[in-house]
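Residue numbers (the numbering used here), protein chains in the order written: chain A, -16 to 150; chain B, 134 to 304.
What follows is the structure, given as structure tokens:
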């Protein structure tokens, strides 16, 4: 798998090239303003998000849920990838976050979701499969085929078959 | 022969969780509120209607991501089932929608445990390819309910992709 990930986009999840230097300065100002307003620092799992994004998510949802993940996928896609990669989501949230992350049109999605195909929880592996369905190049399809044959969970094997049959 | 009392799963693998609490967390807990659903939705359908019910449920339910194509038959247990209107988009799933009324989390876990113990007999495994074929055929045949749904702005992408292609312009 390392050779597969090495060939992919290795840009860090934290940068936001579309906003440039001005965007970075605005983010710094926003962070300082939130700090000055004594907005509490978000707890787990949202503490990995940029402060301005975490404050929006906390205010609107308060806890991880599909709607919050969908919002992040649309408005702050790299933040969702960072959240998924952080290891801070529990199994019941991570499976849905992984699936929703698959909507993001960015090559870094694959880098974040591939390790989840080896997650100890079958439910998380299933979510990662659904997320990867929209990013399935030959290499990813090869891994999904292996899961369809060899994953210990019947549900994951069936999910992998589903993904393969709808490509 | 009595109808199935079918609960569609959110994940195929969740019913393999080693404890009822694990299943409950994924399948019966509102992730937005963290509250356990003590009135879970089910459909009372005949064996031959499972595929249709799933397709309609997945296409019309205000849920995203779509459910996994796995139904668990909760029939044959001591259940309090109350009919309740389903989505207005399809006649079958509207009229066959119901809710199981569960007293508390302990009762829900007991129900889950029975279903987990008898999972092979209670599972109705569908294939997504079969679901899509069913929908594609409905759309190709101009089925009124499906055609109307496919034209709605909120129609899910997977349904839109199954719409018949317009004939190529001969010019």
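Even for Gly, the Cβ is constructed at its ideal location relative to N, Cα and C.
Would you kindly work out how many angstroms separate the C-alpha atoms of residue 216 of chain B and residue 125 of chain A, rounded to a whole number? 45 Å
Enclosing beta strand (DSSP E) for residue 230 of chain B [first to last residue]: 230 to 234
So residue 174 of chain B and residue 232 of chain B are supposed to be a Cβ contact under 8 Å. How far apart are they, rounded? 6 Å
Distance between residue 106 of chain A and residue 79 of chain A (C-alpha atoms, nearest Å): 9 Å
Tell me the DSSP bridge mates of residue 205 of chain B? B/140, B/256
For residue 206 of chain B, does the count of other Cβ atoms within 10 angstroms reach 16, so buried, or fall short, so exposed? buried
For residue 69 of chain A, name the three-state secondary structure that DSSP assigns. Residue 69 of chain A sits in a helix when the DSSP states are folded into three classes.
On the three-state DSSP scale, how would you describe residue 178 of chain B? strand
Counting contacts by CB-CB distance shorter than 8 Å, is residue 182 of chain B in contact with chain A? no
Can you list, in chain order, the residues of its chain whose CB lies under 6 Å from that of residue 59 of chain A, leaving out five sequence neighbours each side? 36
Between A/122, A/117, A/118, A/111, which has its C-alpha nearest residue 222 of chain A's C-alpha? Here chain A covers residues -16 to 150 and nothing more, so residue 222 of chain A does not appear.
Give the DSSP-derived three-state secondary structure of residue 168 of chain B in the structure shown. coil
When you compare only the Cα positions, how much space is there between residue -14 of chain A and residue 122 of chain A? Unreliable placement is indicated for residue -14 of chain A, whose pLDDT of 38 sits below 50; no coordinate value is reported for it.
For residue 160 of chain B, collect the residues of the same chain with a Cβ closer than 7 Å to its Cβ; drop the 5 residues on either side in sequence, then sort them by chain order. 142, 143, 147
How long is the line joining the alpha carbons of residue 114 of chain A and residue 98 of chain A, rounded to whole angstroms? Between residue 114 of chain A and residue 98 of chain A, the alpha-carbon positions lie close to 12 Å from each other.
Expressed to the nearest angstrom, what Euclidean distance is found between the alpha-carbon atoms of residue 33 of chain A and residue 66 of chain A? A straight line joining the alpha-carbon of residue 33 of chain A with that of residue 66 of chain A spans about 10 Å.
Of the listed residues B/285, B/178, B/156, nearest to residue 136 of chain B (C-alpha basis): B/178
Can you say whether residue 134 of chain A is buried or exposed, counting buried as having 16 or more other CB atoms within 10 angstroms of its CB? buried
Could you tell me which residues DSSP pairs with residue 216 of chain B in its beta bridges? B/231
Does any CB atom of chain A fall closer than 8 Å to the CB of residue 274 of chain B? No, its Cβ sits nowhere closer than 8 Å to a Cβ of chain A.
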